[in-house]
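Chemist:
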Amino acid sequence: MKNNNNNKIRTALITGKHPFDIPNLYKLFKSFDNVEFYPQNLDDYISDWGNCRKFYDVLIFYNFHQDTPTDAKSNENTEKYVNNKLESIYMKDILNELGEYEQGLFFLHHGILAFPKWEYWSNIIGIKDRSFGYHFDYKFQINITNNEHPITKGLKSWEQIDETYTMKDPDSNSDIILSSDDPKSMNAIAWTRKYKNSKVLCYQSGHDNEVFANPNFKKIIYRGINWLANRI
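With the working numbering as the guide, the letters of the sequence shown map in order to residues 1004 to 1235.
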């Protein structure tokens, strides 16, 4: 990938193993005028045929892979031609590089739940035990927990309809910026943390267009990308 001459935030939306409302989620990301948006399946991100993996400013994980990646040949590896030779590329090796290149890491909705038995992913997310329950199409209130953070500053509490998760909250190294008191949701809705050289944002919300169309959800996504890219 060439240098970023237009000063837009190069953002990879990484998906896989979970259906979602493609037109409306893509519409959301395309509405951000300073975001250059690159949707891709996790396998394509791992394979990196365009040799651009290191050049993204922000990586958004919206995938739901459940099998822990291995370093042995399995259905978790992909292939790529290197010097005219087909070579195997292992998902585990590539994902273990997260945090090395100062890219912002955004774990959106079911991306928080990916690789549930992989301690490495849990350490990035900040939740050791990521076992969970869920509630579809549920109306609940979002509270501003940290109103001084650039992502939430100036916002007021709101109601939204979304899928909620009931699971443990992140550890003490996390800054919870959005929360809910509803018993059918985990307390932490959005939190930030640091992993190696990367800023990290985790956001529970994001199931379908009921919440994609919510203006407050849009603001959190937009500001979150900008904060991860050190623009705010």
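For each residue, glycine too, the CB sits at the ideal point set by N, CA and C.
Is it buried or exposed, G1227, if we count other Cβ atoms within 10 angstroms and call 16 or more buried?
Modeler: As a position in the sequence shown, residue 1227 is number 224, starting the count at 1. G1227 is buried by the Cβ-count criterion.
Chemist: Going by CA-CA distance only, name the one from C1055, K1197, T1073, D1024 that's closest to R1013.
Modeler: As a first step, residue 1013 must be located in the sequence shown, where it is residue number 10. Considering only alpha carbons, the answer is C1055.
Chemist: Pop quiz: G1193 and I1235 are said to be a contact at Cβ under 8 Å. What is the actual Cβ separation, rounded to whole angstroms?
Modeler: If you number the sequence shown from 1, residue 1193 lands on position 190. If you number the sequence shown from 1, residue 1235 lands on position 232. Looking at the sequence itself, residue 1193 is Ala, so the reference to Gly does not match. Between I1235 and A1193 the Cβ distance is about 15 Å, and since that is not below 8 Å, they are no contact.
Chemist: In three-state DSSP terms, what is G1019?
Modeler: Residue numbering aside, residue 1019 sits at position 16 when the sequence shown is read from its first letter. It is coil, neither helix nor strand.
Chemist: Check whether the Cβ atoms of L1028 and F1215 sit closer than 7 Å, and answer yes or no.
Modeler: Translated into the one-based positions of the sequence shown, residue 1028 becomes position 25. Translated into the one-based positions of the sequence shown, residue 1215 becomes position 212. Yes, Cβ-Cβ distance for L1028 and F1215 is below 7 Å.
Chemist: Suppose contacts are defined by Cβ-Cβ distances below 7 Å. Is I1179 in contact with T1148 by that definition?
Modeler: In the sequence shown, residue 1179 corresponds to position 176, counting from 1. In the sequence shown, residue 1148 corresponds to position 145, counting from 1. In contact: I1179 and T1148 (Cβ atoms closer than 7 Å).
Chemist: So for V1129, helix, strand or coil by DSSP?
Modeler: Residue numbering aside, residue 1129 sits at position 126 when the sequence shown is read from its first letter. Residue identity differs from the one stated: residue 1129 is Gly in this sequence, not Val. Reduced to three states, the DSSP call for G1129 is coil.
Chemist: Can you list, in chain order, the residues of its chain whose CB lies under 6 Å from that of N1009, leaving out five sequence neighbours each side?
Modeler: Start at 1 with the first residue of the sequence shown, and residue 1009 comes out as number 6. Taken in chain order, the list of residues that qualify is empty.
Chemist: Taking a contact to mean a Cβ-Cβ separation below 7 Å, would you say K1020 touches F1067 in this structure?
Modeler: As a working mapping, residue 1020 is identified with position 17 in the sequence shown. As a working mapping, residue 1067 is identified with position 64 in the sequence shown. In this structure, F1067 lies closer than 7 Å to K1020 by Cβ.
Chemist: By DSSP, does E1122 sit in helix, in strand, or in coil?
Modeler: Residue numbering aside, residue 1122 sits at position 119 when the sequence shown is read from its first letter. Of the three classes helix, strand and coil, the one that applies to E1122 here is helix, per DSSP.
Chemist: Please classify K1095: does DSSP put it in a helix, a strand, or coil?
Modeler: Taking the sequence shown and counting its residues from 1, one reaches residue 1095 at position 92. Note: K1095 maps to helix in three-state DSSP.
Chemist: Okay, do the segment 1030-1045 and the segment 1184-1203 touch, 3+ Cβ pairs below 8 Å being the bar?
Modeler: At 8 Å Cβ cutoff, the stretches do not touch.
Chemist: Report, in whole angstroms, the separation of the C-beta atoms of F1032 and T1071, which I expect to be a contact under 8 Å.
Modeler: As a first step, residue 1032 must be located in the sequence shown, where it is residue number 29. As a first step, residue 1071 must be located in the sequence shown, where it is residue number 68. About 29 Å; that fails the 8 Å criterion.
Chemist: Could you give the first and the last residue of the continuous beta strand (DSSP E) run that contains S1208?
Modeler: Your numbering for residue 1208 matches position 205 in the sequence shown. Per DSSP, S1208 lies in no beta strand (DSSP E) and is assigned neither H nor E.
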